[in-house]
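Protein chains in written order, with this note's numbering: chain P, 1003 to 1096; chain V, 1003 to 1096; chain C, 1003 to 1096; chain B, 1003 to 1096.
Where a beta carbon is used, it is the ideal one built from N, C-alpha and C, also for glycine.
All figures in this text were calculated on a predicted structure; none of them were measured in a lab.
Worksheet for the structure shown next.
Protein chains: 4
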Amino acid sequence: MEHGYSDHKDAIQKRLRRIEGQVRGLQRMVDEDHYCIDVLTQISATTKALQAVAIELLEDHLGHCVTHAIEAGGPEARAKVREAAAAVERLVRS
Amino acid sequence: MEHGYSDHKDAIQKRLRRIEGQVRGLQRMVDEDHYCIDVLTQISATTKALQAVAIELLEDHLGHCVTHAIEAGGPEARAKVREAAAAVERLVRS
Amino acid sequence: MEHGYSDHKDAIQKRLRRIEGQVRGLQRMVDEDHYCIDVLTQISATTKALQAVAIELLEDHLGHCVTHAIEAGGPEARAKVREAAAAVERLVRS
Amino acid sequence: MEHGYSDHKDAIQKRLRRIEGQVRGLQRMVDEDHYCIDVLTQISATTKALQAVAIELLEDHLGHCVTHAIEAGGPEARAKVREAAAAVERLVRS
């Protein structure tokens, strides 16, 4: 199955592995009793990194799956647009 | 000039006027020395209402301007997708 | 009744009036058929301005109401801290 | 060194390990070509889980480090309040 991100899976995976490293870094900070505010700063950085991946995936999705649905026409196109907007809503709320 | 939201401008304007009322309500709360936490709760509600309008406009935009660019094909389609993703990024960051 | 923001109500009110102006600017943009993405950019700016007021009020609240409760001691201090954290949660979610 | 979260490090660590699992789950989803929107939904859930840990740490911090600074009095209390508000600002922006 082809997806918007299929062409650069490696880049996405590299970013997700770096985020996994950031979460392990958070565990180490807590383990070593780092200052609360420093832990919070790292959480903000990790959240930002996750959201950057989300924006990348969303752009891929619009340029690929949503584009294909629009080119094919019909009610599917409208459903894909609605689905993408709902995904953005979840991102904004999180 | 036609836009994604042209078909339901009245509904969008009604929501924006309600948000304007919420902001005036905030001024009144501050004026009448309401409790800080209650003012913060109202700010959160106002922010949510603004973001709901943004999601609505984004869905209109994808279903209209972006859809037209994709149907027309060419480099413009890709540019519209990128522009929409950048707008989502600003929403997520705000 | 004294609140954290009592000392600089004027500054807070000035910012809220500017935000009210931004919301009226949004209505004008929609009325004059501005491009969807430009409206979204202005919504992001308005949301940011609202959240900046929230951060200001929160700092005032911590430095005043929460500080007084802690100085007074007892279970009220713990309740104020919990209440402030819940307000931050609503801000982060909005 | 004692911190706000020292009393329930285990609970915090458990949550961070679960978040690490969520990030590894994201890598698996991308590896197995899951649908973009489903990956986005999981990113939103992971972001929410991270922010819930942040709110928890913030409440601990206010109830511990900030409370101690306020009880000790002097300019340090004001500095701690400002630092906490700046941390909240980074959370809200991320």
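Endpoints, the alpha helix (DSSP H) within which residue i is located
| i | result |
| --- | --- |
| P/HIS1063 | 1038 to 1063 |
| V/ASP1035 | Note, V/ASP1035: premise wrong, no alpha helix (DSSP H); not H, not E. |
| P/VAL1182 | The displayed coordinates of chain P run from 1003 to 1096. Any statement about residue 1182 of chain P would go beyond what the structure contains. |
| B/HIS1010 | B/HIS1010 -> no alpha helix (DSSP H), and no H or E assigned at all. |
| B/HIS1066 | Taken as a continuous stretch (DSSP letters only), B/HIS1066 belongs to no alpha helix (DSSP H), as it is neither H nor E. |
Counted within 10 angstroms of its Cβ, other Cβ atoms place residue i as buried (16 or more) or exposed
| i | result |
| --- | --- |
| V/ALA1079 | buried |
| B/GLY1075 | exposed |
| V/LYS1016 | exposed |
| B/HIS1010 | exposed |
| B/GLY1023 | exposed |
| C/GLU1061 | buried |
| C/ALA1081 | exposed |
CA nearest to the CA of residue i, picked from the options
| i | options | result |
| --- | --- | --- |
| P/ARG1019 | B/TYR1007, B/GLU1058, B/GLN1029 and B/LEU1052 | B/GLN1029 |
| P/LYS1032 | B/GLY1065, B/ASP1012, B/VAL1041 and B/ASP1040 | Note that residue 1032 of chain P is Val in the sequence shown, not Lys. Of the candidates B/GLY1065, B/ASP1012, B/VAL1041 and B/ASP1040, the one whose C-alpha sits nearest the C-alpha of P/VAL1032 is B/ASP1012. |
| P/HIS1063 | B/GLN1024, B/CYS1038 and B/TYR1007 | B/CYS1038 |
| B/CYS1094 | C/GLY1023, C/VAL1055 and C/VAL1041 | It is Val, not Cys, that sits at residue 1094 of chain B in the sequence shown. Comparing Cα-Cα distances from B/VAL1094 to each of C/GLY1023, C/VAL1055 and C/VAL1041, the minimum goes to C/VAL1055. |
| P/SER1096 | P/HIS1070, P/ILE1072 and P/THR1049 | P/THR1049 |
| P/GLU1085 | V/ALA1071, V/ILE1057, V/GLY1006 and V/LYS1082 | V/ILE1057 |
| C/ILE1014 | V/TYR1007, V/ALA1081, V/CYS1067 and V/VAL1025 | V/VAL1025 |
| P/GLN1053 | P/VAL1041, P/HIS1005, P/GLU1004 and P/GLU1091 | P/GLU1091 |
| V/VAL1083 | P/GLU1034, P/SER1008 and P/CYS1067 | P/CYS1067 |
| P/SER1008 | P/HIS1036, P/ILE1072, P/GLY1065 and P/PRO1077 | P/GLY1065 |
| B/HIS1005 | B/ASP1040, B/ILE1021 and B/HIS1070 | B/HIS1070 |
| V/ALA1089 | V/ALA1051, V/ASP1035, V/LEU1059 and V/GLY1027 | V/LEU1059 |
_Please identify, using Cβ separations under 9 angstroms, the residues of the region 1021 to 1049 of chain C that lie next to chain V, in order along the chain._
ILE1021, GLU1022, GLN1024, VAL1025, ARG1026, LEU1028, GLN1029, VAL1032, ASP1033, ASP1035, HIS1036, TYR1037, CYS1038, ILE1039, VAL1041, LEU1042, THR1043, ILE1045, SER1046, ALA1047, THR1048 and THR1049
*Segment contact, 8 angstroms Cβ cut-off, at least three pairs: the region 1042 to 1059 of chain P with the region 1028 to 1045 of chain V*: no
*asked:* Can you pull out the residues from the region 1073 to 1087 of chain V whose beta carbon lies closer than 8 angstroms to at least one beta carbon of chain C?
replied: GLU1085 and ALA1086
*Anything in the region 1049 to 1065 of chain V with a Cβ closer than 9 angstroms to a Cβ of chain C? List those residues in chain order, please.*
THR1049, LYS1050, LEU1052, GLN1053, VAL1055, ALA1056, LEU1059, LEU1060, ASP1062 and HIS1063
*Residues in the region 1003 to 1016 of chain V with C-beta within 9 angstroms of chain C's C-beta atoms, listed in sequence order?*
MET1003, GLU1004, HIS1005, GLY1006, TYR1007, SER1008, LYS1011, ILE1014 and GLN1015
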